[in-house]
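Presented below is the structure to which this report refers.
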Amino acid sequence: FVKDLVHSYRLRDGAKGARSANMRWGKSSKRIFAVLRKYGGPRTLRFIRENLETPSDWTIKQEWARDKMHFKPGAHADIFAHLGRLYALLKEKHGIDGPVMYELSEDETTVPGASQYNQRLDSIVGFCGKAGENHQCKQNCSILIQDSETAYEKIADAWATQQLAGHLRIMVVNPLHPKLPSLTVVAHATCNCFDAVWIRNDWDNTKALAEAHISPHLGQLIGRGSDGDARRFKNQLEDMQPHPKAPGRLGLLDAPGFTLSARISEEGDNLKIDCIHSQDWRHNLAKLMSHIAKRVITFGRYVATHSHLLQVRNVMPYSDHGLSADAVDRTDSMDKGGPADCCAPRVQDCLEKMQKGQVEGKPAEPTMLATRAYLRMVSSYVILNAGIKATLTDRVKHAAFVIELLRLSRSYVADSNDLSLKDNFMPRQTYSHVIFSCFSCVLKIMAQRRLNPNLPVCLYKSGSNCCEENFSELGGFGRIAGFKRNYTAGDAIEGIGDVNTLNLYAADPAAPLSFGSRNHRQDVDVSRHESSLDADANMADHKSDEEYVAAWNTGRGEARALAEELGMKPARNATWWDTPWKDEDKHVTQMYAADGDELGGEVNSQGINADFDKEAATRERDAIQPDQEHPAVRANLASSDTDAEQPPAADTEADGADGEAEVDGTTAAEAGGGGGGGGGGG
Ligand SMILES: [Zn+2]
């Protein structure tokens, strides 16, 4: 790179003279400039150009355009294949041998309603299929323009007949390995009108594509990650509900209450394990902690309540609990760090002191036992998913502890004459999702040993957080400058290609670039839950199923002892006490059904029920209006071709037009234009 800079300088005709057309820039040099241009926009490039040396803007854009992974709405084999090759490079770079387990994770985010012309596709994107009463979203919807003579009619017709989308859905390849990035493979606009069958069909389709193009390079697709959307959960549960003892199933056979399973098959040497889906643990953590503030959660004799946390903060010194006002008051509903801090062992210790009357001038508060037990359960859940010190057997123990304690407390409420599952317990979604995700963790631990015991088990990446990271990377808080946080579906379809290209640059052995640590925002501080004196666990130290069963029984035993302390154990013999997994399905239907807000506002309202609610869907659909104020949409309405991509005849740039170029360059055209070429048409 430095050699190229010096060489270019020497080729100049005098220090201030014209740059030479004979300069040949190396590939990695061109890529460095291409990345700088993406990070900082054309202005950054001009600045370097004025003070140092750069290739022409055109050369740089060509380099980017050559490498860029081009997206179109929907699932396409060429994009799957592109990512497959990229993962092969990444595995080689990091020295990762053998199959890596991966999930396909998916989520939606709300975007401004906008239809946009995409120059590269010569199409209008931002619609999701023909509008109408029975509309269900069409993923690959794009209105081809082709002929400029009829363009106006086509656009007018699209507006009259097509459904405008208000959401962006993405599907992300999520390798369960700490070193491999999670990259988007499908993106499309949607109005959120789809049901569980639509999801199932999409999963069949994308599974075939992933197994043909990604699995041969990366490893095994073990399941789907999501965030509580009922349509997805319905399919996930269907896949995992067969009993572990059924033929072709995998589970801890001799572990009492091990009710979910994965699918396992062997063809020759080819071992295949799948149907290990996941529900995002960060969301579940936030839900578990928000429910004690908003609902009555009976935990044995007493109620687990947020007001006890407020008392801890008011009575005990900060050095004892370490809780900020923001963490306790839940000022940010998207925050996952606060909820995790609130259930840390030091907070449990504070509660124990207050419960037992060990704080001077304060009477004992026996009811705090319920909150303390609840927080211990949530802390176990955090360690299971995100711990650094917990071994694999520890994690199986934590999973069993959470599952058994939830089941016993549910059965206790159901068995009581004075309590109802609807009014005195947590919402059915949270209960089901937490238990489901605990099973998922144990099954992943079991699957890793069978599929590739040399690799560590990686649980913290599971779920849909990778989708959120990709959404925010597009939103301008990550690596790409130029996109507003409220990007449109059309912007995203271009921008996702940029994000993936940066990952290609990081991995390509032909011209490797180093991006430093991406400094993942560690929103959950797991060090509050584990002892700093313990060594980090070796997540590749696999144990036999017998040892996992023993760990399972230990966790169950701890939960049962705690439940007894909480006063759950019935005076006379009761089957529910010995087999609290019985009647679970029936009880779940009796529980309270939470709405979108109570689920953290992270699930779209149409995703609350697995059954397609046509009325709700229509309401939601009709509410999507074009966003006239969005810069990318405005740029489309009054677009110009000033930033058109022409190789400059001489090496000159329109320096005089700085102000104008910035408006076009860094806001509208960069964000909305097809293939970086500026938005046209419209
Ligand atoms: Zn739609």
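Heads up, the sequence shown is in UniProt numbering, so the first residue is 1 and it goes up one at a time.
Backbone N, C-alpha and C fix where the C-beta goes; we use that ideal spot for every residue, glycine too.
{"query": "For the stretch 172-246, list the beta strand (DSSP E) runs that are entirely contained and at least 3 residues long, ordered along the chain.", "result": "183-190, 219-226"}
{"query": "Hey, how far is the Cα of residue 200 from the Cα of residue 260?", "result": "19 Å"}
{"query": "So, does the stretch 99-118 touch the stretch 222-233, judging by three or more C-beta pairs under 8 Å?", "result": "yes"}
{"query": "Going by beta-carbon coordinates alone, are residue 452 and residue 99 separated by less than 7 Å?", "result": "yes"}
{"query": "Using DSSP with H/G/I as helix, E/B as strand and the rest coil, what is residue 328?", "result": "helix"}
{"query": "With distance defined between alpha-carbon atoms, name the residue in 390, 191, 162, 332 nearest to residue 535.", "result": "390"}
{"query": "Considering only C-alpha positions, which residue in the set 308, 133, 418 is nearest to residue 374?", "result": "308"}
{"query": "What span of residues does the beta strand (DSSP E) with residue 123 cover, start to end?", "result": "123-125"}
{"query": "Look at the Cβ atom of residue 217, then the Cβ atom of residue 338, and state whether they are nearer than 7 Å.", "result": "no"}
{"query": "May I ask you to list the residues that DSSP assigns as paired with residue 162?", "result": "130"}
{"query": "Would you mind sorting residue 119 into buried or exposed? The rule is 16 or more other CB atoms within 10 Å of its CB.", "result": "buried"}
{"query": "For a test of your reading of the model: does the CB of residue 162 fall under 6 Å from any non-hydrogen atom of ligand 1? Yes or no.", "result": "no"}
{"query": "In three-state terms, what does DSSP make of residue 535?", "result": "coil"}
{"query": "Got a sec, what are the start and stop residues for the beta strand (DSSP E) residue 262 sits in?", "result": "262-267"}
{"query": "My assumption, with CB atoms under 8 Å, is that residue 474 sits in contact with residue 487. Please give the rounded CB distance.", "result": "6 Å"}
{"query": "Which parts of the stretch 531-612 are runs of the alpha helix (DSSP H), unbroken and 4 residues or longer, counting only runs that do not cross its ends?", "result": "545-565, 575-578, 584-590"}
{"query": "Between the stretch 59-72 and the stretch 419-435, do at least 3 Cβ pairs fall closer than 8 Å?", "result": "no"}
{"query": "Can you say whether residue 3 is buried or exposed, counting buried as having 16 or more other CB atoms within 10 angstroms of its CB?", "result": "exposed"}
{"query": "What residue from 176, 58, 242 has the CA that sits closest to residue 33's CA?", "result": "58"}
{"query": "I'd like to confirm something about residue 193: is its beta-carbon nearer than 6 Å to some heavy atom of ligand 1, or not?", "result": "yes"}
{"query": "Considering residue 109, what are the terminal residues of the beta strand (DSSP E) in which it resides?", "result": "100-110"}
{"query": "Check the DSSP bridge columns for residue 298 and list the partner residues they point to.", "result": "303"}
{"query": "Would you call residue 366 buried or exposed, if buried means 16 or more other Cβ atoms sit within 10 Å of its Cβ?", "result": "exposed"}
{"query": "Please return the same chain residues whose Cβ sits closer than 6 Å to the Cβ of residue 320, not counting the five positions on each side in sequence.", "result": "350"}
{"query": "Taking 7 Å as the cut-off, decide whether the C-beta atoms of residue 256 and residue 249 are in contact.", "result": "no"}
{"query": "Sorry if obvious, but does the Cβ on residue 128 come closer than 6 Å to a heavy atom of ligand 1?", "result": "yes"}
{"query": "What are the partner residues of residue 270, as DSSP defines its beta bridges?", "result": "267"}
{"query": "Is it buried or exposed, residue 283, if we count other Cβ atoms within 10 angstroms and call 16 or more buried?", "result": "buried"}
{"query": "Compute every distance between the C-beta of residue 141 and the non-hydrogen atoms of ligand 2, then say whether any falls below 6 Å.", "result": "Inclusion of ligand 2 in the displayed structure is not the case, the ligand content consisting of ligand 1 alone."}
{"query": "Which residues in the same chain have their Cβ closer than 8 Å to the Cβ of residue 581, if we skip the five residues on either side of it in sequence?", "result": "257, 259, 407"}
{"query": "Among the residues of its own chain, which have a CB less than 6 Å from the CB of residue 135, if the five just before and after it don't count?", "result": "163, 193"}
{"query": "Using the rule of at least 16 other Cβ atoms within 10 Å of the residue's Cβ for burial, across every protein chain shown, is residue 498 buried or exposed?", "result": "buried"}
{"query": "Let me know if residue 381 comes out buried or exposed under the rule of 16 or more other beta-carbons within 10 Å of its beta-carbon.", "result": "buried"}
{"query": "Let me check you understand the geometry: is the CB of residue 350 closer than 6 Å to at least one non-hydrogen atom of ligand 1?", "result": "no"}
{"query": "Could you check if residue 94 is buried or exposed, using at least 16 other CB atoms within 10 Å of its CB as the buried criterion?", "result": "exposed"}
{"query": "Does ligand 1 have even one heavy atom less than 6 Å from the beta-carbon of residue 275?", "result": "no"}
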